[in-house]
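Heads up: the sequence shown begins at 1 in my numbering, then just goes up one per residue. Following: one structure in structure tokens, then a few remarks.
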Amino acid sequence: MDKRPSSLKRITTKKQAEKFINDQVKAIQKQVGEKKVLLALSGGVDSSVVAGLLIKAIGDQLVCVHVNHGLLRKGEPEQVIEVFKKNMGANLIYVDASKTFLKELKGVDDPETKRKIIGKVFIDVFAKEAKKLKGIEFLAQGTIYPDILESKGVKAHHNVGGMPKELNFELVEPVKYLYKDEVRVVGEALGLPKNMVYRQPFPGPGLGVRCVGAITKDRLEALREADAIVREEIDKLKDKPWQYFCVIPDMKSTGIKDGKRYMGWAAVIRAINTKDAVTAKSYEIPYKTLYKIRDRIIKEVPGINRVLWDFSDKPVSTIEWE
Ligand code: XMP
Numbered sequence: 001m002d003k004r005p006s007s008l009k010r011i012t013t014k015k016q017a018e019k020f021i022n023d024q025v026k027a028i029q030k031q032v033g034e035k036k037v038l039l040a041l042s043g044g045v046d047s048s049v050v051a052g053l054l055i056k057a058i059g060d061q062l063v064c065v066h067v068n069h070g071l072l073r074k075g076e077p078e079q080v081i082e083v084f085k086k087n088m089g090a091n092l093i094y095v096d097a098s099k100t101f102l103k104e105l106k107g108v109d110d111p112e113t114k115r116k117i118i119g120k121v122f123i124d125v126f127a128k129e130a131k132k133l134k135g136i137e138f139l140a141q142g143t144i145y146p147d148i149l150e151s152k153g154v155k156a157h158h159n160v161g162g163m164p165k166e167l168n169f170e171l172v173e174p175v176k177y178l179y180k181d182e183v184r185v186v187g188e189a190l191g192l193p194k195n196m197v198y199r200q201p202f203p204g205p206g207l208g209v210r211c212v213g214a215i216t217k218d219r220l221e222a223l224r225e226a227d228a229i230v231r232e233e234i235d236k237l238k239d240k241p242w243q244y245f246c247v248i249p250d251m252k253s254t255g256i257k258d259g260k261r262y263m264g265w266a267a268v269i270r271a272i273n274t275k276d277a278v279t280a281k282s283y284e285i286p287y288k289t290l291y292k293i294r295d296r297i298i299k300e301v302p303g304i305n306r307v308l309w310d311f312s313d314k315p316v317s318t319i320e321w322e
């Protein structure tokens with residue numbers, strides 16, 4: 001196994017992060033020289049920190065590709081463009097593939113099949129972009145140390161695990177010996193926004209596993225809006241849970257509006273605390289916040305006529321519904 005060098009001390013302070021950044025900038029420059037590097041930039045902490053390091057080291061020799069699979073949370077693609085293209089001047093290609101993903105997922109209700117389709121379409125879209133760009137020899141990845149430790153087949157990175165061999169890239173993995181908390185310290189030292197550096201975990205298949213059953217555009221949009229409300233209201237709390245989001249099951253129930261009955265979806269609120277995501281405890285959302293979320297979702301999100309709170313613990317209830 002690829003082992004963390006004993007000379008690399010735990011990074012907890014800004015000063016240590018700055019030293020790490022300087023060392024990595026030199027190492028990247030040495031590895032890459034004048035060549036170009038490609039990076040799939042999701043907007044998650046790891047790939048964002050890798051982008052920050054590479055921009056510092058090689059500027060526009062880095063080509064970032066942000067694939068929007070249409071399953072991102074509200075505001076995420078916009079933030080990637082804002083931070084990297086506008087603020088950091090990155091060479092960023094934005095690919096809106098949301099229609100392709102929706103088409104491929106149409107009518108598919110089995111969770112594992114949904115995950116596989118999302119992973120495969122992601123790789124296809126990314127590889128297509130990579131082939132268009134001539135003369136790229138390196139691929140940067142946001143691999144972190146737990147990925148290496150867990151790499152005995154459990155968790156394949158959906159965005160890099162199966163990159164087609166014919167692309168023939170040499171890898172650049174500047175944070176591969178860091179733990180998540182260290183990556184965050186480095187991200188802060190690089191000047192990335194706090195809400196990007198400290199964002200809660202978000203699964204690779206994104207809202208796809210929270211729009212339960214066969215995904216439709218309408219229900220996905222309702223989910224994105226309701227989820228944004230859940231995050232906005234819980235973000236106001238001092239003591240925030242580890243992960244908090246919204247789920248929309250594939251079912252309808254009766255509502256009443258202007259004296260007429262109609263069928264609508266239910267939004268499910270989920271907020272949990274955990275150390276390692278192996279077990280989890282439902283977080284006690286203050287009632288004031290719960291009512292605020294309920295009122296806002298009913299008022300602001302078309303198609304939803306019921307709000308539920310999933311306060312189950314893991315085990316037996318997994319954090320995600322699919
Ligand atoms: P579960 O649902 O198994 O989730 O209790 C445990 C943690 O893992 C996250 N999760 C994923 N992360 N790709 C990821 O990168 C995935 O496919 C995936 N599925 C679940 C989940 O959000 C939770 O934090």
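Beta carbons: idealized from backbone N, C-alpha and C, even for Gly.
Residue i burial status per 10 Å Cβ neighbour count (16 or more: buried)
i      : result
Glu76  : buried
Ile256 : exposed
Val172 : buried
Val175 : buried
Gln200 : exposed
Asn168 : exposed
Met1   : exposed
Arg184 : buried
Proximity of residue i and residue j at Cβ, strictly below 9 Å
i      : j      : result
Asp227 : Lys74  : yes
Lys56  : Val25  : yes
Ala97  : Val125 : yes
Val45  : Gly142 : yes
Met196 : Gly187 : yes
Leu54  : Ala140 : yes
Pro203 : Lys180 : no
Ile118 : His69  : yes
Ile229 : Ile319 : no
Ile93  : Glu137 : no
Ala17  : Ala51  : no
Gly135 : Lys3   : no
Met88  : Ala127 : no
Anticipated Cβ contact below 8 Å, residue i with residue j, distance rounded
i      : j      : result
Ile346 : Arg219 : This structure gives no information on residue 346, because the portion of the chain shown stretches from 1 to 322.
Thr289 : Glu233 : 5 Å
Val301 : Ala222 : 5 Å
Val63  : Leu178 : Not confirmed; about 23 Å, so no contact.
Val313 : Ala280 : It is Asp, not Val, that sits at residue 313 in the sequence shown. Rounded, the Cβ-Cβ distance is 6 Å, consistent with contact.
Next item on the list: Enumerate, from N- to C-terminal direction, the unbroken beta strand (DSSP E) stretches of 3 or more residues contained entirely within the region 25 to 66.
Entry: 36 to 40
Next item on the list: Evaluate contact between the region 100 to 108 and the region 255 to 271, counting only Cβ atoms and requiring at least three cross-stretch pairs below 8 Å.
Entry: no
Notebook entry, point to check: Quick one: any contact between the region 269 to 288 and the region 241 to 250, if contact means 3 or more CB pairs under 8 Å?
Noted result: yes
Check: Quick one: complete alpha helix (DSSP H) runs, 4+ long, within the region 168 to 221?
Finding: 180 to 189, 194 to 197
Margin query: When you compare the region 118 to 135 with the region 15 to 29, are there three or more beta-carbon pairs, one atom per stretch, that lie closer than 8 Å?
Written below: no
Next item on the list: Starting from the N-terminal side, write out each stretch of the beta strand (DSSP E) that is 3 residues or longer and does not extend beyond the region 102 to 142.
Entry: 136 to 140
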